[in-house]
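**Student:** Residue numbers (UniProt numbering): 1 to 346.
We put the CB at the ideal spot given by N, CA and C, even for glycine.
Spelled out as C-alpha cells, the structure:
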C-alpha cells in the first residue's frame, strides 16, 4: 500500500488532467509496482469509517472537490482484488442472495442462490472461454440488464444505533423497499433512493461504531449532501459483495466492463513489454561474456555443442584477422603515399 507524501503530490499534479485510469498508469510507472488490474485508488472517509474504490472512468478532481477544506479523508493507492472480481469470476461474483427472495425467484423459475448472470446454480470452476462468452452475453450489447437483487437487509434508523429489517429490491431506477404489511407488488413498493448521485461504500467496524448486527455493512452516500447517508447491513460477506456489485452495474452499466477490458489490455501490454525487455537484456549480457566464459558455458558432452563452440571461435578469429589485415594495408598505403610510391595490387 502506498499513501505517502510523494504519491499525494503526484496525484495533485496529475488529477487536474487525468481520469483515474490514467492516474493509475502514472502511479504504477513511477512506483515500479508492476501492472495489475487490481491496483486501485481508494477513498477513505475516516470520520465515517467507510471507503470505496474509485472507478477507472471517473474524474478524480470532481470527487475530490466534494471533500471539505479541513477534511481528514485519504486517497490510497493499493491492490484490491474485489475491484474486478465480478468479471474475473462472473459465475460466483454477483447475483441474488441465497435465502432472501427465494419464493419470488422460484415462482419465476429461478432457483435460490442463482447467479444473475447465469440464471442457474453453477460451481465455482468455469473455463476461461466460457467466462468470456458469459461476459460477452451479459455486457456485450448496447445495454446491460440490471441485476434484480432483492432480499432482507438491516437498515440503521436515522440518528440512532438501532437497526430494523426491511425487504429491499434493486431496480434500474433505484432501490425500493416493501412497506410493513404490504406485498412485493410493484404498486406497493416505496422508493428508498435513486442511484444517480449516490456512491456505495464499505462500512468498517460498524458493529462497534453503530452496534450493527454484523460486520458486513454498506453505506449509500449522496456526495453533494454529506448529511444524507443510509446505512445497510447484510447477513454475510457474499451478500454484501453481491449488493455492492449489483449497485455498481445499475449505476455504471457497460462502462464497468469497458474499464475492465482496458485494464486487462494495459496489463497485458506492460507484461509483453517487460518480457521483451528482459529477453533483450539477457541476450545482450550473453553476447558480451568474455570468450573464456563463453567457451566454458558452451562445453557439453554433445559433439554438436563442441562444434558450435569451436566454430564460433574460428569465426571470431577470422573476423579479427580480416580487420588486422585491413588495418595493416591501410597503414602501409599511408606510408607509401607520403613517399610517393605506387600502391601494390590487391
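(1) Using 10 angstroms around the beta-carbon of residue 242, count the other beta-carbons present and answer buried if the total reaches 16, otherwise exposed.
(2) Is residue 173 helix, strand or coil by DSSP?
(3) Rounding to the nearest angstrom, what Cα-Cα distance links residue 179 and residue 189 in this structure?
(4) So, for residue 80: in the same chain, excluding its five sequence neighbours on each side, which residues have a beta-carbon less than 7 Å away from its beta-carbon?
(5) Is residue 293 helix, strand or coil when you go by DSSP?
(6) Please state whether the Cβ-Cβ distance between residue 165 and residue 193 is less than 8 Å.
(7) Determine the direct distance from the alpha carbon of residue 44 to that of residue 73, and round the result to whole angstroms.
(8) Is it the case that the Cβ atoms of residue 210 and residue 131 are separated by a distance below 8 Å?
(9) Quick one: residues in its chain with C-beta nearer than 6 Å to the C-beta of residue 27, no 5 flanking neighbours on either side, listed in chain order?
(10) With DSSP run on the structure shown, which of helix, strand or coil describes residue 75?
(11) Which runs of the beta strand (DSSP E), 3 residues or longer, sit entirely within the stretch 201-240?
(12) Does residue 212 pass the burial test, meaning 16 or more other C-beta atoms within 10 Å, or should it be called exposed?
(13) Hey, how far is the Cα of residue 153 from the Cα of residue 269?
(14) Please identify the residue among 23, 199 and 246 whose C-alpha is closest to the C-alpha of residue 61.
(15) Using the Cα positions of residue 217 and residue 240, report the straight-line distance between them to the nearest angstrom.
(16) Going by the DSSP bridge assignment, what does residue 44 pair with across the sheet?
(17) Considering only residues of the same chain and omitting the five flanking positions on each side of residue 142, which have a CB-CB separation below 6 Å?
(18) With distances taken from CA atoms, which of 170, 183 and 177 is nearest residue 195?
(19) By DSSP's criteria, residue 168 is part of a beta bridge. Which residues make up the other side?
(20) CB residue 203 to CB residue 50, shorter than 8 Å?
(21) Would you list the residues sitting across from residue 353 in a DSSP beta bridge?
(22) Ends of the alpha helix (DSSP H) at residue 61?
(23) Under the three-state reduction of DSSP, which class applies to residue 245: helix, strand or coil?
(24) What whole-angstrom Cβ distance do residue 168 and residue 150 have, given they're in contact under 8 Å?
(25) Give me the residue from 227, 29 and 36 with the minimum Cα distance to residue 159.
(26) From 206, 33, 139 and 262, pick the residue whose C-alpha is nearest to that of residue 215; which is it?
(27) In whole angstroms, what separates the C-alpha of residue 34 from that of residue 84?
(28) Count the other C-beta atoms from every protein chain shown that fall within 10 angstroms of the C-beta of residue 30, then say buried if there are 16 or more, exposed otherwise.
(29) Using DSSP bridges, identify the partner residues of residue 259.
(30) Assign residue 55 to one of two classes, buried (16 or more other C-beta atoms within 10 Å of its C-beta) or exposed (fewer than that).
(31) Determine the direct distance from the alpha carbon of residue 267 to that of residue 25, and round the result to whole angstroms.
(32) Taking the alpha carbon of residue 249 as the reference point, which residue from 145, 59 and 156 has its own alpha carbon closest?
(33) Report all residues from its chain with a CB closer than 7 Å to the CB of residue 47; omit the five preceding and five following residues, and keep chain order.
**Tutor:** Taking the structure as given:
(1) Buried.
(2) In this structure, residue 173 counts as coil in the three-state DSSP scheme.
(3) Between residue 179 and residue 189, the C-alpha separation is close to 7 Å.
(4) Spatial neighbours of residue 80 in its own chain (CB-CB distance under 7 Å, excluding positions within 5 residues in sequence) are listed in chain order as 38, 40, 42 and 53.
(5) Confidence is the limiting factor: at residue 293 the pLDDT is only 49, short of 50, which leaves the residue's position unreliable and the question unanswerable from this model.
(6) no
(7) 6 Å
(8) No, the pair does not count as a contact, with Cβ atoms beyond the cut-off.
(9) 77
(10) strand
(11) 216-222 and 229-234
(12) buried
(13) 42 Å
(14) 23
(15) 7 Å
(16) Paired residue(s): 51 and 74.
(17) none
(18) Residue nearest to residue 195 within the set 170, 183 and 177 is 170 (criterion: CA-CA distance).
(19) 151 and 177
(20) yes
(21) The first residue shown for the chain is 1 and the last is 346, placing residue 353 beyond what the model contains.
(22) 60-64
(23) helix
(24) 7 Å
(25) 227
(26) 206
(27) 17 Å
(28) exposed
(29) DSSP lists no partner for residue 259.
(30) buried
(31) 10 Å
(32) The shortest C-alpha to C-alpha distance from residue 249 to any of 145, 59 and 156 is the one to 145.
(33) Spatial neighbours of residue 47 in its own chain (CB-CB distance under 7 Å, excluding positions within 5 residues in sequence) are listed in chain order as 72.
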